[in-house]
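Following: one structure in structure tokens, then a few remarks.
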Amino acid sequence: LDADFKALITEEDLEKSDTAKTTLSEWEETKTFVQEVIDEIEKEATSISTDDRLYADYYCIVKDVSPWVEESEKIIKEALPKPQNLDEALALLAQQEEFDSTCVSNKARLEEAAKARGDMEKPSNTENLVDTLSPRWETVKKVTEERVQKVKVLVETWQELKQTTEDLAVKMGEVPKQDE
1 LDADFKALIT EEDLEKSDTA KTTLSEWEET KTFVQEVIDE IEKEATSIST
51 DDRLYADYYC IVKDVSPWVE ESEKIIKEAL PKPQNLDEAL ALLAQQEEFD
101 STCVSNKARL EEAAKARGDM EKPSNTENLV DTLSPRWETV KKVTEERVQK
151 VKVLVETWQE LKQTTEDLAV KMGEVPKQDE
């Protein structure tokens, strides 16, 4: 770019025109300023170490997962609603399975945070929040799995009851026909 700019302004232009001299001078000042900015950016970019990026990854993940763990601990302390029919039981099962899926994805994120922290060349001396969140996650996961199992048993029982009721209705419909 510099060569192209200088090619546009000839020596003859510089000798005859003050505007050409001023333009070339401004170009040189701008070029110097831009190069200084580039050098400063490169200096700053290299000062950000891999450890800083890994710690930032760790911290952001923990910051995202921590509120979910707190909210989940509240949710698991609440009793499950008692469904009044099969459809409500199926909806409750879907809800519990979705919560379980979210639980699994958050565990993967916690593991990702632990890996980022573990990959740091110089270990951080701050508290490892993954170590405090993991046991809490395990408690949530255990209760969630128990709930999914309970609701599955409830759904299966309700489906068996529905089938038995339908079978009885058919057999009861056949009873009067036998007398004839």
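For the sequence shown, this note's numbering assigns the number 1 to the initial residue and increments by one for each residue that follows.
The beta-carbon is built from N, C-alpha and C at its ideal position, and this holds for glycine as well.
Values in this document were obtained by computation on a predicted structure and should not be read as measured data.
What is the DSSP secondary structure of residue i, counted as helix, strand or coil?
| i | result |
| --- | --- |
| I61 | helix |
| T30 | helix |
| K152 | helix |
| L161 | helix |
| A79 | coil |
| E127 | coil |
| S49 | coil |
| K142 | helix |
| E70 | helix |
| K122 | coil |
What's the C-alpha gap between residue i and residue j?
| i | j | result |
| --- | --- | --- |
| V143 | I76 | 7 Å |
| L92 | I61 | 29 Å |
| E145 | D100 | 7 Å |
| E1 | E15 | Note on identity: in this sequence residue 1 is Leu, with Glu being the wrong assignment. Going from the Cα of L1 to the Cα of E15 covers about 22 Å. |
| Q35 | L8 | 22 Å |
| T165 | E174 | 14 Å |
| Y55 | K107 | 18 Å |
| I38 | A3 | 19 Å |
| K82 | E73 | 20 Å |
| L24 | T30 | 10 Å |
| S49 | K6 | 39 Å |
| A169 | Q163 | 10 Å |
| T32 | I41 | 14 Å |
| W68 | Q159 | 34 Å |
| K150 | K63 | 32 Å |
| S105 | N128 | 20 Å |
| D152 | T132 | With the sequence shown as reference, residue 152 is identified as Lys, and Asp is not the correct amino acid for it. Computed Cα separation, rounded: 31 Å. |
Along the chain, where does the alpha helix (DSSP H) containing residue i start, and where does it finish?
| i | result |
| --- | --- |
| N106 | 86–118 |
| A3 | 2–8 |
| E15 | 11–16 |
Closest by CA to residue i, which one among the options?
| i | options | result |
| --- | --- | --- |
| E70 | E12, W137, T23, K6 | W137 |
| T157 | N85, K115, S124 | N85 |
| Q96 | M172, T139, L80, A169 | L80 |
| R117 | D51, E44, K141 | D51 |
| E78 | P176, E11, V140 | V140 |
| S124 | K31, L110, Y58, T23 | Y58 |
| V155 | R109, D64, K21, E88 | E88 |
| R53 | V151, D167, E121 | E121 |
| A114 | V148, S134, F33 | S134 |
Sorry if obvious, but does the Cβ on residue i come closer than 6 Å to a heavy atom of the ligand GDP?
| i | result |
| --- | --- |
| K77 | Absent from the structure shown: the ligand GDP. Ligands present: none. |
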